[in-house]
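Novice:
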Amino acid sequence: MAVVQAVERDGRQIRFERTATVCRIDDGPKYRVYDGNRRVILAMLRKAGLTTEGQQQLVPPDFPDPIPCNVCDEETALENVERKHRGNGSWKQYERDRFMFDYRGGPKTVLIRLEELIKAVTKWPALNMRYVEDDVFNKKHLEEMGLLPDEPDFGVPLELLEELVEAVADKLDNELNTRNARNDPASVLPGELIDRIREARHRRPAGEKADGRERELPSDNSEPPSQSHGGPGRDDVLRPDTSGTLPHTDASARRRRGRTRQVKPASIPVFGNPSGLRLQTGDVNNMYRTLEELWNMYARGGMRNAAAFVPIFRMGLRLLIDTAAMERCGGLDRYVGEYAGEAKKRLRQAANSADLVTFMRNQAVSPENLLRLLQNGAHAYTSTGNKEQALAMSILIGEMLSISHGRP
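Okay, here's the thing in structure tokens:
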């Protein structure tokens, strides 16, 4: 089925920013979409007579048949994509870095390395800024933080690297921004953390596990995929690009990554305490008990209509915290500000809470972003269905309630 129509003739480059950019595959009847995947997929769904019931915002307008596209060679397609996205601000720093590394022979930058090692940009989107990469994470400052920038894993265990990056992300809105401390980021980070990093760096060679075995790591010298063997997603024709950028090639998908220690959610009790929280009698305790019972029913598979449970549980966490805040501080932001930091500190110091802290970190739940997560839970039904993150939020909230409403 022909679904594209050339809008470029005789090798002339025509800038159609609102048309999909595609290349013919081996002079055959199929095309690879380099930009505009979603427009093409929605048009094809419409053409095939498929409905998008319940997702009316995805229903495309009337499309001509055939679909006009900017048909060009691969190099021209890459130039068009680079010009469009670098020029209109639709790419942030990591997306620019990723495109240049994967398709234009660019270097593997610090943000790419941190994303491959610990999913840093995914967990802390605030890192996805040019000044963070150029100023905060330049070689000099990484060394001042205790890292070895030339080592594939920065010369330290991944757990410590993740803790350091989280500390940096937590400082970006206040002490560490374009006006404050960008030229001396180590000065606003916890000194004991930097000391632990330096101690671990000297104690264990980079790339070695605690038991002395070698750990597999992504290579800094990984070659970007060859452009002569087809472009992005060479085995996928008209593949939707949900990230807004070109899909990674098979080669980049196979790169080996270091991994942070994983904690299985099944081993984590809701609200962080297998014996339950000991709270004062009242509304907060009643709501907590109800949420705990509902979660356990959901975890056992005893809930017949469970598809919407996690977003509803997130809404329940927000209501629980609002109720606790009204009884103690009068406002949600004040309550979170007063108790969240102390709760995380207590979890770190508790004898058997290492897995809980690691699990929270893996799910990007921290005192600094808890307020935002709670607000999302109250208003964003479709984007709050992450079961593991909801469980991680309950751990921090459970410790906060133990501080503010615990029995004497």
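With the first letter of the sequence shown counted as 1, position 302 gets the number 302 in my numbering; the numbers rise by one all the way through.
Ideal Cβ placement from N, Cα and C applies to all residues, glycine included.
Since the model is a prediction, treat every value here as computed from it, not as a measurement.
1) Kindly indicate which three-state DSSP category T245 falls into: helix, strand or coil?
2) Are there 16 or more other CB atoms within 10 angstroms of the CB of K496, so buried, or fewer, so exposed?
3) Run through the DSSP bridge pairs and tell me what L279 is partnered with.
4) Which of the three DSSP states, helix, strand or coil, is assigned to A20?
5) Out of R328, L147, F313 and L277, state which residue places its alpha-carbon closest to the alpha-carbon of L473.
6) Mapping the DSSP letters down to three states, classify D195 as helix, strand or coil.
7) With H, G and I counted as helix, E and B as strand and the rest as coil, what does DSSP make of N70?
8) What separation, rounded to the nearest whole angstrom, lies between the Cα atoms of L189 and V168?
9) What does V33 pair with, by DSSP beta-bridge criteria?
10) Quick one: what does DSSP say K108 is sitting in, helix, strand or coil?
11) Please determine, among L291, V165 and A340, the residue with the shortest C-alpha to C-alpha distance to I197.
12) May I have the straight-line CA-CA distance separating Y131 from L320, to the nearest angstrom?
13) Taking the alpha carbon of E79 as the reference point, which residue from Y34, A325 and Q349 has its own alpha carbon closest?
14) Tell whether a beta-carbon distance below 7 Å holds between I118 and F101.
15) Please go through the stretch 271-336 and give each complete alpha helix (DSSP H) segment of 4 or more residues, from N-terminal end onward.
16) Measure the CB-CB distance between L148 and G155 and report whether it falls below 7 Å.
17) Ignore the nearest five residues each way along the sequence and tell me which others in S275's own chain have a CB closer than 7 Å to its CB.
18) Let's see if you can read the secondary structure: which residues bound the alpha helix (DSSP H) around K139?
19) Which residue wins for smallest C-alpha separation from P152, given the options L401, E115 and R372?
20) Just how far apart, CA to CA, sit K30 and Y103?
21) Go ahead and pull the three-state DSSP assignment for M129.
22) How long is the line joining the alpha carbons of A409 and V81, rounded to whole angstroms?
23) Between the stretch 291-306 and the stretch 330-337, can you find at least three pairs of beta-carbon atoms closer than 8 Å?
24) Rounded to the nearest angstrom, what separates G191 and N183 at their Cα positions?
25) Leaving out five residues before and five after S404 in sequence, what residues of the same chain have Cβ atoms less than 7 Å from its Cβ?
26) Might you give, ordered along the chain, the residues of its own chain that have their beta carbon closer than 6 Å to the beta carbon of E368, omitting 5 neighbours on each side?
27) Is the Cβ-Cβ distance between V71 and Y94 less than 7 Å?
28) Using beta-carbon positions only, say whether M400 and L317 come within less than 7 Å of one another.
29) Please report the distance separating the alpha-carbon of V458 from that of L158.
30) Taking the continuous alpha helix (DSSP H) assigned at L148, which residues delimit it?
31) Kindly indicate the opening and closing residues of the alpha helix (DSSP H) around A423.
32) So Q93 is in the alpha helix (DSSP H); what residue range does that whole segment cover?
33) How many Å lie between K139 and N296 at the Cα?
34) Classify S267 as buried or exposed, calling it buried when 16 or more other Cβ atoms lie within 10 Å of its own Cβ.
35) If you draw a straight line from the alpha carbon of L371 to that of K344, how long is it in whole angstroms?
Specialist: The structure says:
1) On the sequence shown, residue 245 is found 245 positions in, with the first residue counted as 1. Caution is warranted here: a pLDDT of 43 is assigned to T245, below 50, making its placement in the model unreliable, and the coordinate value is therefore given only provisionally. Reduced to three states, the DSSP call for T245 is coil.
2) As displayed, the chain neither begins before 1 nor continues past 408, which places residue 496 out of reach and without an answer.
3) Indexing the sequence shown from 1 puts residue 279 at position 279. According to DSSP, L279 bridges with G406.
4) Residue numbering aside, residue 20 sits at position 20 when the sequence shown is read from its first letter. Reduced to three states, the DSSP call for A20 is strand.
5) Because residue 473 is not part of the residues shown, which for the chain are 1 to 408, the question remains open.
6) Counting from one through the sequence shown, the residue named residue 195 turns up at place 195. In this structure, D195 counts as helix in the three-state DSSP scheme.
7) Residue mapping note: residue 70 aligns to position 70 of the sequence shown, counting from 1. Strand.
8) Sequence index remark: in the sequence shown, residue 189 carries index 189 (1-based). Sequence index remark: in the sequence shown, residue 168 carries index 168 (1-based). Rounded to the nearest whole angstrom, the CA to CA distance from L189 to V168 is 7 Å.
9) Here residue 33 refers to the residue found at position 33 of the sequence shown. According to DSSP, residue pairing for V33 in a beta bridge involves V22.
10) For the purposes of this step, residue 108 is identified with residue 108 of the sequence shown, where counting begins at 1. Looking at K108 - three-state DSSP - the assignment turns out to be coil, as it is neither helix nor strand.
11) Numbered from 1 along the sequence shown, position 197 holds the residue referred to as residue 197. The shortest C-alpha separation from I197 is found at V165.
12) Translated into positions along the sequence shown, residue 131 becomes position 131. Translated into positions along the sequence shown, residue 320 becomes position 320. The alpha-carbon separation between Y131 and L320 amounts to approximately 38 Å.
13) Along the sequence shown, read from residue 1 onward, the residue named residue 79 stands at position 79. Put simply, of Y34, A325 and Q349 the residue whose alpha carbon is nearest the alpha carbon of E79 is Y34.
14) Within the sequence shown, the letter at position 118 stands for residue 118. Within the sequence shown, the letter at position 101 stands for residue 101. Taking the C-beta atoms as reference points, F101 is found no nearer than 7 Å to I118.
15) Within the stretch 271-336, the complete alpha helix (DSSP H) runs of at least 4 residues are 283-299 and 309-328.
16) Taking the sequence shown and counting its residues from 1, one reaches residue 148 at position 148. Taking the sequence shown and counting its residues from 1, one reaches residue 155 at position 155. Yes, these two residues count as a Cβ contact at 7 Å.
17) By one-based count along the sequence shown, residue 275 stands at place 275. Same-chain partners within the cutoff: there are none.
18) Working through the sequence shown from its first residue, we reach residue 139 at position 139. Run containing K139: K139 to E144, per the alpha helix (DSSP H) assignment.
19) Reading the sequence shown from its first residue, position 152 is the one you call residue 152. That would be E115, whose Cα lies nearest to the Cα of P152.
20) What you label residue 30 is simply residue 30 of the sequence shown in a count that begins at 1. What you label residue 103 is simply residue 103 of the sequence shown in a count that begins at 1. Pairing K30 with Y103, the inter-Cα distance amounts to about 22 Å.
21) Along the sequence shown, read from residue 1 onward, the residue named residue 129 stands at position 129. Looking at M129 - three-state DSSP - the assignment turns out to be coil, as it is neither helix nor strand.
22) With the chain covering 1 to 408 only, the question about residue 409 has no answer from this structure.
23) Touching, no, given that fewer than three Cβ pairs across the two stretches are closer than 8 Å.
24) Here residue 191 corresponds to residue number 191 of the sequence shown, with the count starting at 1. Here residue 183 corresponds to residue number 183 of the sequence shown, with the count starting at 1. Roughly 17 Å separates the two Cα atoms.
25) Here residue 404 refers to the residue found at position 404 when the sequence shown is read from its first residue. The answer, listed in chain order, is A324, R328 and Y339.
26) What you label residue 368 is simply residue 368 of the sequence shown in a count that begins at 1. Hits under 6 Å: D170.
27) Looking up residue 71 in the sequence shown gives position 71. Looking up residue 94 in the sequence shown gives position 94. Here V71 is not near Y94, since their CB atoms are 7 Å or more apart.
28) Reading the sequence shown from its first residue, position 400 is the one you call residue 400. Reading the sequence shown from its first residue, position 317 is the one you call residue 317. Against a cut-off of 7 Å, the Cβ pair of L317 and M400 comes out as no contact.
29) Past the edges of the chain, shown from 1 to 408, lies residue 458, and the structure says nothing about it.
30) Here residue 148 refers to the residue found at position 148 when the sequence shown is read from its first residue. Membership of L148 in any alpha helix (DSSP H) is not indicated, and neither H nor E is assigned to it by DSSP.
31) What is shown of the chain runs 1 to 408, which leaves residue 423 out entirely.
32) The count along the sequence shown starts at 1 and reaches residue 93 at position 93. It spans Q93 to Y103 - the alpha helix (DSSP H) in which Q93 sits, taken as one unbroken run.
33) Residue 139 sits at position 139 when you count from the first residue of the sequence shown. Residue 296 sits at position 296 when you count from the first residue of the sequence shown. The alpha-carbon atoms of K139 and N296 are separated by roughly 48 Å.
34) Residue numbering aside, residue 267 sits at position 267 when the sequence shown is read from its first letter. S267 is classed as exposed because its beta carbon has fewer than 16 other beta carbons within 10 Å across all chains shown.
35) Along the sequence shown, read from residue 1 onward, the residue named residue 371 stands at position 371. Along the sequence shown, read from residue 1 onward, the residue named residue 344 stands at position 344. Approximately 14 Å, taken between the alpha carbons.
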